[in-house]
Each structure stands twice: as structure tokens, then as C-alpha cells.
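Contents: one structure, followed by commentary.
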């Protein structure tokens with residue numbers, strides 16, 4: 002087997018890190034924090050005009066490893082299906098940059114990072130960060146890579162929030178934004194789901210108020226929290242098609258509290274596997290950032306947030322996504338148009354619920370590819 | 002203040018208990034269990050013809066105390082708004098019977114009851130019961146009260162499942178059924194929500210595999226489980242109207258993990274107050290009964306379950322109820338009609354989500370009152 006066959010698409014990639022904000026970044030909370038480490042990957046090549054860079058922003062549990070293969074791993078990056086030679090984000094044409102957000106646990110500064118002041122993990126002493134802070138933290142990375150203006154910033158779910166925030170906070174550095182399956186701010190229902198997930202972690206005695214590094218940590222609480230998340234990622238119809246009321250390895254009900262239904266088994270698996278790969282405190286910090294996010298924050302209105310903005314917007318929602326219902330992104334499109342800007346909005350019909358943004362690549366690919374060409378052809 | 006002013010409506014009521022199934026009840030699981038204690042209340046008077054009895058079935062966290070006042074309590078029963086002199090279930094005309102289901106913790110046999118064999122609470126040794134078992138267990142109560150045939154059996158949410166199960170399992174003892182905000186069986190999404198709630202309790206070390214009586218019990222896990230439930234009781238729009246993104250006692254975000262938003266505070270309160278009044282094992286047993294429930298169980302189809310059934314049905318769903326979406330009860334209405342039976346289906350427009358069945362009494366009252374009169378006037 003050649004390396005190309007073993008690692009199709011981008012082949013082997015690597016994750017880099019960079020220290021930024023050495024003098025400290027003034028966070029929205031008023032706290033100054035730094036230096037900040039950012040983990041990131043890049044795919045493709047920056048052209049001579051330096052106008053083909055695309056910034057990819059990940060969702061809650063994602064990281065810098067968006068595409069290609071890390072040595073020894075059996076799965077490619079989380080958006081490999083969209084990023085690579087000949088794919089929607091065509092690495093033969095574009096230079097793709099994929100950083101890990103601060104607050105996360107995949108190489109960028111977060112609660113599980115070592116506090117240089119104490120030599121121990123920050124834990125609950127890590128400052129609360131917002132989506133705006135995550136975006137700000139990444140600005141020096143663009144400078145470092147020599148990218149003055151992004152051809153596009155994109156992402157789904159939380160990544161979509163970052164994409165929108167980039168366009169609103171740094172309009173002169175963003176030619177276009179593609180925001181997928183996302184919202185301009187959380188409704189109380191969306192906050193409620195996050196709060197229950199947080200409470201589940203914090204109810205686990207092993208959370209120990211956030212100081213659990215070196216010990217087992219809140220494995221049980223985090224697994225339940227992830228199950229709460231998964232409730233919102235699938236649609237009712239999608240679950241019906243995927244599981245129905247099928248029993249798991251059984252002829253009849255067990256009449257006990259072990260697993261009867263396939264959907265129970267699926268949820269428990271999702272919860273348990275998340276525990277192996279994600280830090281509980283990062284889940285707390287990132288969900289809180291999502292709840293605080295308000296694209297209109299500091300502006301008179303959502304429309305006002307886009308006023309004078311010359312970025313082009315592509316907004317994609319999925320019909321059965323009830324975590325971020327299409328209406329919320331439709332409201333963003335309306336606000337952009339009212340402000341005098343240009344937004345293309347698509348609602349893709351899908352049964353996959355919120356998960357569709359990672360699954361329905363065939364429906365997204367032509368929209369993304371043609372939008373990017375249009376942006377390239379437009380005057381910068 | 003007279004007693005009438007202090008205790009409006011039905012005034013003071015009392016809860017009775019009765020021992021039934023002294024030789025044991027054969028449960029759906031194959032286990033024989035008995036004797037069984039049932040707690041129940043009655044309101045109004047059984048008439049001479051004994052044809053004015055209405056059986057009221059409660060929801061997950063309800064009990065026998067459906068209406069009137071228990072001494073010393075500051076709130077009347079859970080459906081007092083619908084039961085009493087001149088109300089929808091008019092106690093001047095009807096004899097209302099309200100038992101507590103088995104598996105619960107409000108006086109009927111359940112996991113927190115004392116096992117006469119050991120002198121200790123059953124805990125996890127209590128047998129798993131189904132909705133069908135809950136219904137069967139109540140049959141001797143009707144015999145004891147001298148009620149051969151019910152004028153009506155009614156309930157909302159889980160109570161609606163019991164009402165439908167009563168009509169299907171005992172068609173000759175049921176002249177009519179009113180099922181509100183309910184379903185004929187759980188979809189995988191509904192099972193998933195229940196499973197996450199159960200996992201939350203079982204993840205709490207204080208659950209101790211169900212043997213926690215005498216100790217504190219899984220207070221934290223049960224609170225989170227109740228929050229998961231509450232996520233499904235309210236609609237998105239209802240939450241928007243009730244809470245929006247309003248902050249709690251704050252001018253700005255706290256940038257920490259204490260309560261920022263009102264919806265967070267509401268959820269935490271709901272979780273904590275539930276812990277004071279409900280048994281964690283009962284929550285496990287009852288949610289499992291809901292998940293096992295299948296009205297078509299043992300029949301070729303849902304239509305087949307109603308074949309030859311002469312009961313009259315009133316089915317009421319609420320537009321914003323996403324826990325039990327109107328379509329599910331509409332499917333029940335269709336099945337009844339296909340079987341040759343008579344069903345009246347209403348979808349009430351409401352923003353209250355699933356909670357509407359306890360709140361929208363003004364919209365339900367005329368439907369219920371006129372339906373009951375029609376049943377009374379029809380040939381028995």
C-alpha cells in the first residue's frame with residue numbers, strides 16, 4: 002500500500018503551534034491574558050498575491066486537525082470531506098488555515114494547559130473567554146502567515162459563529178464568510194441545553210470544582226453532558242430512521258435498567274467515547290462562550306452590526322436542524338441585506354438534524370465551491 | 002377566613018390507601034408481584050346508577066392528590082384547575098377517582114415502599130412495571146368503589162397513555178377516554194431524553210445502584226435529570242417569551258460559571274425542588290415504563306388495537322408540544338376511525354409546549370365539559 006492509498010486526500014499533515022499575544026490579550030471580561038498558544042494546521046499554498054487564504058473554524062468539540070491524516074490515526078480530520086485537492090475547499094486553489102480555539106483542549110491555551118505562573122494546569126483559574134475573544138486571539142496567526150485579507154472565513158455550528166464574528170469584527174480582513182448550521186445568538190432554549198450539560202459535569206463530585214487534572218476527572222458527568230448534546234444533534238425523523246424502537250441484541254424488553262433500545266446504546270457510546278477525547282473544563286468554557294455570543298453585541302441591532310460591511314456572505318441551514326433552526330440564519334441574511342450587504346441563504350433539505358453540516362457534504366459542496374469562485378472573481 | 006375561603010373549590014380532601022392483588026399480579030415482565038398498595042383520592046359522589054365515575058390518571062411526577070387541599074399545604078392538587086364544583090370535571094355531577102400509579106412514591110407501591118419480606122425499602126428489587134401493569138393494578142380499586150363501568154378515563158402526558166391503555170385493555174369498563182398531550186408509544190427521541198435522565202441519576206455515586214434509602218440519595222443526579230425533563234416541557238417560543246436572554250440580578254455577564262441567564266436559574270430551581278419531592282428510583286421506573294409503552298403491543302397494528310372498541314375518544318394535542326408532537330395523537334385518532342370507532346381530535350394552539358396540558362385549562366374546559374355531556378347522553 003502506498004502512502005497515497007493509506008492516506009487519501011491531503012495525505013499526512015502536521016499540527017503546529019505558535020505563541021501569540023505575548024503582552025496579553027484584553028478579554029471581553031476585562032481580564033488581560035497571555036501569552037497565548039495557538040495550535041493550527043495549514044493545507045495548500047498561499048499564492049503570490051496572498052489572496053487565496055481560507056480560515057476554517059471548528060465546532061465545540063473540534064480542533065485544528067480539520068483535514069488530512071495525523072500519523073497513526075485511523076480517521077482523517079473532522080472536515081476532510083470538504084477540504085483537500087478537488088474538494089469544496091480545494092487545496093489546489095486555496096490556502097486553508099485551521100486553528101484550535103482558545104478554551105479548547107487540542108493544543109491551544111485552555112483550562113487543561115499549564116499555567117506558566119504555577120507550573121500546574123489552569124483548571125478553573127483559566128479566564129472565561131467569548132467567541133469574540135477566540136477570534137481576536139487568532140488575528141496574530143494571520144499576520145504570522147502573511148495573510149492580510151482572508152478570501153473566506155468559514156465554519157459550522159460554533160465555527161459558524163466564529164466566521165460571522167470574524168466578518169463583523171474585522172470586516173477589512175474578510176472578503177467573505179460561509180456560516181453553516183449556526184445562529185447569531187443563543188435562544189433561551191439553546192442556553193438551557195448547555196446549562197444542563199454544564200450542571201451534569203459540575204454535579205459529578207470528581208469534577209472537584211475544576212481541579213481534577215492528574216485524577217480521573219468527571220467522567221460520568223461529562224458522558225451525560227455529551228448525551229445531552231447529542232439529543233440536539235439529531236432530528237426526530239433522523240433518529241426514527243436510524244434506530245426506530247429496535248432493540249439491542251434482544252428479542253424482548255429486558256425489564257431492567259440495562260440497555261434495551263438501540264438509541265440508548267448509541268447515546269451511551271457517544272457519551273463514553275467523548276470522555277476519552279475531551280476535557281470537561283473545556284466543555285464548560287466553550288458552552289459558556291456559545292451562550293454569551295451575541296453577534297449584535299455592542300451594536301444597536303443585528304442590522305447595525307453589518308452596516309458598511311463589504312464582505313460577501315453564504316449562509317447554509319438545514320431543514321431538520323432544531324438546535325439552530327433555519328429561521329435564525331434567515332434572520333442573519335435579512336439583517337445583512339437590510340444593512341445594504343450581500344447574503345446568499347440556502348436551506349438544505351435534510352433529515353440529519355444539526356449533524357447534517359458534517360454529513361451532507363454533497364449538498365454543500367457545489368454551493369461552497371461556486372461561492373468561492375464568485376468571491377475570487379469579484380473585486381477584492 | 003372561613004374554610005371555604007382558605008380552601009376554595011373542593012375544600013379539604015384526604016388520601017386513602019387500599020391493599021389489592023393480595024395473591025399477586027402477573028406483571029408484563031413475567032414476575033408476579035403483590036400485595037399491592039394503592040393510594041387514591043375521590044371527589045364528588047357516585048350516583049345511584051353508578052354511571053358517573055371518572056378515573057383521572059396523573060403524569061410522571063404526579064400523585065393521587067389531583068384536586069382540593071390537603072391540610073397544611075399551600076397549593077391544591079395538580080389538576081385542581083380542572084376538577085371541582087362547576088369545573089370541567091364537575092364534582093357536582095361526576096364521581097372522580099384519582100389513584101397513584103405503582104412504581105411512584107406517593108403512597109402506592111414503589112421502589113421506596115417497604116418490602117414486607119425484608120422490612121426494608123425495595124430499592125432496585127422492586128419489579129419493573131409497565132403502563133399496562135399500572136392500569137391492571139388499578140382494576141380492583143374500581144371493584145372496591147362499586148364502579149363497573151367508567152363514564153370516562155382521562156389524563157395528560159403519561160396519564161394520557163394510561164387513559165388510552167385503559168380503553169384498549171378494558172373496553173367493557175370504559176365508556177370514554179380523554180387523552181391529552183400524549184402518544185401511543187415513544188419515538189427514539191423520546192426514549193433518548195428519558196435515557197439521558199436515567200443516566201444522570203445512575204451516574205451519581207450516591208445512587209448506589211438504587212440502595213440509598215436512609216442516606217441522602219442521588220440529589221445532584223436527580224436534579225440534572227429533572228432539568229433534562231424540563232427542557233422538553235417548554236417550547237422554544239415559550240422560553241423566549243418567558244426568559245429571553247434576560248440576565249438574573251445582573252447588569253452584565255458574570256464571566257464565570259454562576260448563573261447568568263434567568264433560564265439557567267429557572268432550570269436549577271426546577272431541578273432542586275424536584276429533589277425535595279420525588280424519589281430517584283421512581284423516576285427511573287416510571288420513565289422506563291413510558292419507554293416500554295406501546296398501545297399497539299400484542300395487536301397487529303394500532304388500528305387493530307381499537308377494533309370492536311365502542312368507547313368514545315377525545316384527543317387533545319398542543320401545537321407547540323414537541324415532547325409529544327400533535328402528529329402522534331393525530332395518528333391515534335386515525336387508527337380509531339379506521340377501526341370503525343369514534344374519535345374527536347383537537348389541536349389547541351398554544352406557546353406553552355408540553356406544559357400546556359396543565360396551563361391551558363380555559364381552552365380545554367369547554368372541550369372536556371361538552372364531551373362528557375355527550376358521553377352521558379349517549380347510550381351506555
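Chains as they are written, first to last, in this note's numbering: chain A, 2 to 381; chain B, 2 to 381. Note that beta-carbon positions come from the ideal geometry of N, C-alpha and C, so glycine has one too. Since the model is a prediction, treat every value here as computed from it, not as a measurement.
> According to the Cβ coordinates, are residue 366(B) and residue 351(B) closer than 7 Å?
Replying inline: no
> Are the Cβ atoms of residue 333(B) and residue 177(B) separated by less than 7 Å?
Replying inline: no
>> Please state the DSSP three-state secondary structure of residue 107(B).
In response: coil
>> residue 138(B) and residue 285(B) - do their beta-carbons sit closer together than 7 Å?
In response: no
> What residues from chain A crowd round residue 289(B), counting only those whose CB sits closer than 7 Å?
Replying inline: 258
> In terms of residue numbering, what span does the alpha helix (DSSP H) encompassing residue 233(A) cover?
Replying inline: 220-234
> Quick one: what's residue 345(A) bridged to in DSSP?
Replying inline: 315(A)
>> Can you pull the chain A neighbours of residue 30(B), defined as C-beta to C-beta under 7 Å?
In response: 256
> For chain A, is any of its Cβ atoms less than 7 Å away from the one on residue 204(B)?
Replying inline: Chain A contact via Cβ: present.
> residue 208(A) by DSSP, collapsed to three states: which one?
Replying inline: Here residue 208(A) sits in helix by DSSP.
>> Need the endpoints of the alpha helix (DSSP H) that residue 304(A) sits in, please.
In response: 303-307
> Just how far apart, CA to CA, sit residue 292(A) and residue 200(A)?
Replying inline: 14 Å
> Mind pulling the chain A residues with CB within less than 9 Å of residue 72(B)?
Replying inline: By Cβ distance, chain A contributes nothing, its closest Cβ being about 35 Å from residue 72(B), past 9 Å.
>> On the criterion of 16 or more Cβ atoms from any shown chain inside 10 Å, does residue 5(A) qualify as buried, or is it exposed?
In response: exposed
> Are three or more beta carbon pairs between the region 62-77 of chain B and the region 10-18 of chain B nearer than 8 Å?
Replying inline: Touching, yes, given that three or more Cβ pairs across the two stretches are closer than 8 Å.
>> Which residues does DSSP list as the beta-bridge partners of residue 42(A)?
In response: DSSP, once it has assigned bridges, lists 99(A) as partnering residue 42(A).
>> Taking the straight line between their C-alpha atoms, what separation do you get for residue 386(B) and residue 112(A)?
In response: Residue coverage of chain B in this structure runs from 2 to 381, which leaves residue 386(B) outside it and unanswerable.
> Out of 271(B), 258(B), 245(B), which has the shortest C-alpha to C-alpha gap to residue 225(B)?
Replying inline: 271(B)
> Along chain B, which residues have their Cβ under 9 Å away from the Cβ of residue 362(A)?
Replying inline: Within chain B, no residue comes near residue 362(A); the closest Cβ sits about 25 Å away, beyond 9 Å.
>> Just to confirm before moving on: does the CB-CB distance between residue 264(A) and residue 189(B) stay below 7 Å?
In response: yes
> Pick from 211(B), 221(B), 197(B): whose alpha carbon is nearest that of residue 203(A)?
Replying inline: 221(B)
> Can you tell me the Cα-Cα spacing of residue 78(B) and residue 192(B), whole angstroms?
Replying inline: 28 Å
> Going straight from the alpha carbon of residue 123(B) to that of residue 115(B), what length do you get?
Replying inline: 6 Å
> Span of the beta strand (DSSP E) holding residue 177(B)?
Replying inline: 177-181
>> If the cut-off is 8 Å on Cβ atoms, which residues from the region 193-221 of chain A count as contacting chain B, listed in chain order?
In response: 193, 194, 196, 197, 199, 200, 201, 203, 204, 205, 206, 221
>> Residues of chain B with CB closer than 8 Å to the CB of residue 244(A), please, in chain order.
In response: Residues of chain B passing the Cβ test: 189.
>> When you compare the CB positions of residue 43(A) and residue 103(A), do they come within less than 7 Å of one another, or not?
In response: Contact: no.
> Are the CB atoms of residue 162(A) and residue 294(A) nearer to each other than 7 Å?
Replying inline: yes
>> Going by DSSP, what residue range makes up the beta strand (DSSP E) through residue 156(A)?
In response: 153-157
>> Distance cutoff 7 Å, beta carbons only. Does residue 369(B) sit that close to anything in chain A?
In response: no
> Around the C-beta of residue 310(B), are 16 or more other C-beta atoms found within 10 angstroms, so that it is buried, or is it exposed?
Replying inline: buried
> By the criterion of Cβ-Cβ separation under 8 Å, what are the contact partners of residue 265(B) in chain A?
Replying inline: 192, 193, 196
> Of all Cβ atoms in chain A, is any one closer than 7 Å to the Cβ of residue 229(B)?
Replying inline: yes
> Which word fits residue 74(B), buried or exposed, when buried means at least 16 other C-beta atoms lie within 10 angstroms of its C-beta?
Replying inline: exposed
>> Just checking: is the beta-carbon of residue 241(A) within a distance shorter than 7 Å of some beta-carbon in chain B?
In response: yes
> Roughly how many angstroms separate the alpha carbons of residue 355(B) and residue 283(A), rounded to a whole number?
Replying inline: 33 Å
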